[in-house]
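Since the structure comes first, as C-alpha cells, the remarks are kept for the end.
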Amino acid sequence: MVKMRRATILLRNNEMVLEDPEFVQKFYSSGIGSLERNILKLAPFEVLYLVYTNKACVLDNNGRIIPFDELVRRFQKKDSDVWIKFMVYYDLRRRGLIVMKGYTSGLELRVAESKAEKDRPKIMVFGLVEGRKVKFSDIRLMVDRSTSLGKNIVLAIVDKEGNITYYTISFSRSHIRRSK
C-alpha cells in the first residue's frame with residue numbers, strides 16, 4: 057500500500073499558510089485557500105477539512121504537529137462558529153462540490169458545481185444553526201447580497217445532532233417590495 061504524502065501547513069503571523077508548490081497548486085485548483093505570491097493562505101475551516109481528511113498536518117512554531125481537536129479549540133477561541141463552518145464545508149465537499157470562502161467572515165460559502173465554474177460560482181450557501189435566532193434584516197442582507205451578485209441562495213440548517221438540511225431560496229423579483 058502506497059502512503060500518500062500530506063501537505064504541511066505552517067502557522068505564520070497568526071495565519072495558516074501552505075508553501076509547498078505541489079500542494080499549493082493542487083489545493084488552489086480545487087477551490088481551497090487564497091493565493092498570494094505563491095503562498096496559499098487558508099481559512100480555519102479549510103485547515104480543519106484538510107487535517108480531518110488526512111490531506112495535511114499543521115505545525116506550530118516549534119515544529120510540533122497540532123492535533124485536530126487542539127486546532128478546533130484554538131480556532132473556536134477566535135470564531136465560535138468555526139465548527140459549524142467546517143461541518144457545512146466538509147458536507148458540501150463530500151458531495152463533490154467546489155466550495156470556497158464567502159465574501160464575509162460569517163457562515164457564508166461560495167459553491168461551484170464544477171471546476172469550470174470555479175472562478176464564477178453560482179451558489180451562495182449561508183449556514184444557520186437550528187434554534188439560534190436570526191433577524192429578518194440579516195436574512196434580507198443575505199438575499200440582497202446574493203441577488204446583487206447574481207447568485208442562487210441556499211440555506212444550510214445545522215441541527216443539534218450535526219445533521220445538515222439544505223433549502224434553496226427562490227422568488228420572483230416582482231413580488232418583493234422594499235419599504236423606503
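Residue numbers are given in this note's numbering: position 173 of the sequence shown equals residue 229, and the series is strictly consecutive.
Heads up, the beta-carbon is just placed ideally off N, CA and C, and yes, glycines get one too.
Check	Outcome
Leu163 versus Val210: straight-line alpha-carbon distance, rounded	12 angstroms
Cβ shell of Ser235 (< 6 angstroms), same chain only, five flanking positions each side left out	Bear in mind that a pLDDT of 46 at Ser235, under 50, signals an unreliable position, so the model cannot answer this.
Tyr222 burial status per 10 Å Cβ neighbour count (16 or more: buried)	exposed
Same chain only: Cβ atoms within 7 angstroms of Val185, ignoring 5 sequence neighbours per side	Ile140, Val214
Thr203 - containing alpha helix (DSSP H), residue span	192 to 204
Rounded straight-line distance, which links the Cα of Glu92 to that of Val73	10 angstroms
When Asn117, Ile65, Arg129, Ile121 are compared against Val103, the one with the closest alpha-carbon	Ile65
Per-residue burial, Met60 [other beta carbons within 10 Å of its own, 16 or more giving buried]	exposed
Cβ-Cβ separation, Pro100 to Val138 (assumed contact under 8 angstroms), whole Å	5 angstroms
Assigned exposure category for Ser136 - 16 Cβ within 10 Å defines buried	exposed
CB of Ile154 within 7 angstroms of CB of Ala172, strictly	no
Top-ranked residue by Cα proximity to Asp116, from Tyr105, Asn69, Asn110	Asn69
Buried or exposed (CB count within 10 angstroms, at least 16 for buried), Ser85	exposed
Status (buried if at least 16 other CB within 10 Å, exposed otherwise) for Tyr159	exposed
Residue from Lys191, Ile225, Phe192, Tyr105 with nearest C-alpha to Ile179	Ile225
Runs of beta strand (DSSP E) wholly within the segment 86 to 165 (minimum 3 residues, chain order)	90 to 92, 95 to 98, 112 to 115, 154 to 157
CB-CB length for Phe142 against Tyr105, believed under 8 angstroms	6 angstroms
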